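Everything below concerns the one structure shown next.
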Amino acid sequence: MALEKVVLLVGGVGGAKLAYGLYHAMPPENLTVIVNTGDDFWLYGLRICPDVDTITYTLSNRVNKTTGWGVADETFITLETMPLLGETPWFRLGDKDLALHMIRTQYLHKGKNLSEITKHFADSLGIRCKIVPMANEFIETKVDTVEYGELDFQEYFVKYRWQPTLKSLRLAGIDQATLNPIIQDAIHQADMIIVGPSNPWLSINPILSIPGMRDLLRSTHIPRIALTPLIQGQAVKGPTAKIMQEMGLSPSNESVIDYYGDVINGFVYDERDHQPARSLETLFSLDTLMDTEAKRITVAQNLLSQINDRIKL
Ligand code: GDP
Numbered sequence: 024m025a026l027e028k029v030v031l032l033v034g035g036v037g038g039a040k041l042a043y044g045l046y047h048a049m050p051p052e053n054l055t056v057i058v059n060t061g062d063d064f065w066l067y068g069l070r071i072c073p074d075v076d077t078i079t080y081t082l083s084n085r086v087n088k089t090t091g092w093g094v095a096d097e098t099f100i101t102l103e104t105m106p107l108l109g110e111t112p113w114f115r116l117g118d119k120d121l122a123l124h125m126i127r128t129q130y131l132h133k134g135k136n137l138s139e140i141t142k143h144f145a146d147s148l149g150i151r152c153k154i155v156p157m158a159n160e161f162i163e164t165k166v167d168t169v170e171y172g173e174l175d176f177q178e179y180f181v182k183y184r185w186q187p188t189l190k191s192l193r194l195a196g197i198d199q200a201t202l203n204p205i206i207q208d209a210i211h212q213a214d215m216i217i218v219g220p221s222n223p224w225l226s227i228n229p230i231l232s233i234p235g236m237r238d239l240l241r242s243t244h245i246p247r248i249a250l251t252p253l254i255q256g257q258a259v260k261g262p263t264a265k266i267m268q269e270m271g272l273s274p275s276n277e278s279v280i281d282y283y284g285d286v287i288n289g290f291v292y293d294e295r296d297h298q299p300a301r302s303l304e305t306l307f308s309l310d311t312l313m314d315t316e317a318k319r320i321t322v323a324q325n326l327l328s329q330i331n332d333r334i335k336l
């Protein structure tokens, strides 16, 4: 019997590539995408959820395909007006994007939770899979840096373009977070869990740190397979390899596998790399570079068929 129901854990731009591939490689109704919200923040009174929005824009085909985030054919009149008022914006919020943040914030003030609001947007935009934020509670990643001390995540990532040297990470509010029943149900019903190629430390660890999440995943007797975030020891985009080095780790598949520990029982490394020296139930290679929309779908198809073939054996 084919493994049909898939739960995918992701962050933003890198994760969205695999989310897009899976969405088009399988019946989207069988896909649940659990998204990091550890980089959420408030700006100009608005709640911004960068990763949830990247997934939503990608799966509704509204994303800016050049950047991989934000909305296509965007205008920035609101932002460009701000310097006249003495404000120098450092986070790029387009006018169309602002509409979503305004509506979300209004719903939050009216008492709706983030997963209800995310579902409302997905339904409005015609998305046919489930997109679920990792938690409804507000959790903030804080980045302790050599140069500036502790920074809010978006200051580190966007304002300082992830150039400061990372000392450590902290998830403020994580202890108060609760496992969303929608996530519990999706994991209980899943035939496989896929950990996207997202940054393990910045995007996946916040999801795994929700109290009870690691135990829930470990309690399942299904494939739990991570797709490598590194190709030939380098990130395709972003600071994954850089922060691994800053934390004293070699930027290798083995470091990623060790970091995930027994949360995963399988790993897919890139075909350009050697086989990691780790024993896992499922370990195989693919061309994991998703540099076109067609290749995202091919990677997802290959991933699903390889997992299916191996489980049948
Ligand atoms: P962010 O939240 O926008 O920073 O994005 P993610 O955390 O979801 O993804 C960043 C990670 O995705 C980085 O480690 C990249 O190396 C990885 N990534 C991006 N594109 C690809 C790709 O085509 N193939 C693979 N294997 N990894 C990718």
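In terms of this note's numbering, the sequence shown opens at residue 24 and continues consecutively.
Glycine included, each C-beta is placed from N, C-alpha and C at the ideal position.
In this text the structure is predicted, and so the values were computed from the model without any measurement.
How far does the beta strand (DSSP E) with I57 in it reach, from first residue to last? Looking at the DSSP string, the run of the beta strand (DSSP E) that includes I57 is 54-58.
Can you give me the C-alpha to C-alpha distance between W113 and S147, rounded to a whole angstrom? Those two C-alpha atoms are separated by around 30 Å.
How would you call I266, buried or exposed, if buried means at least 16 neighbouring beta carbons within 10 angstroms? Answer is buried; the Cβ neighbour count reaches 16.
Collapsed DSSP secondary structure at K165 in the structure displayed: It is a strand residue.
Close-in-space but distant-in-sequence residues of the same chain around K278 (CB under 8 Å, 5 per side omitted): According to the sequence shown, residue 278 is Ser rather than Lys. Here the set comprises M267, L272.
Given E103 as reference, the closest of G117, G261, W92 once Cα atoms are compared: Looking at the Cα atoms, G117 is the closest of the given residues.
Secondary structure of Q298, DSSP reduced to three states: In the three-state reduction of the DSSP assignment, Q298 falls in the coil class, being assigned neither a helical nor a strand state.
Thinking just about the alpha-carbon of each residue, which of L312, N276, E316 is nearest to the one in L303? The option with the nearest alpha carbon to L303 is N276.
Return helix, strand or coil for E304, following the three-state DSSP convention. Reduced to three states, the DSSP call for E304 is coil.
Please report how far the alpha carbon of I57 lies from the alpha carbon of I216, in whole angstroms. Roughly 10 Å between the two C-alpha positions.
On the three-state DSSP scale, how would you describe Q257? Strand.
Restricting to Cα atoms, I'd like to know which of K153, N87, D63, D175 is closest to P51. When each option's Cα is compared against that of P51, the closest is K153.
Integer Cβ distance of Y282 from P234, believed to fall under 8 Å: Their Cβ separation, rounded to whole angstroms, is 19 Å, which puts Y282 and P234 out of contact at 8 Å.
Taking DSSP as the reference, what is the three-state secondary structure of L272? Coil.
Nearest to T311 (by Cα), restricted to the options R333, E160, T251: Selected option, being the one with the closest Cα: T251.
Should E163 be labelled buried (16 or more other beta-carbon atoms within 10 Å of its own) or exposed? By the 10 Å Cβ count, E163 comes out buried.
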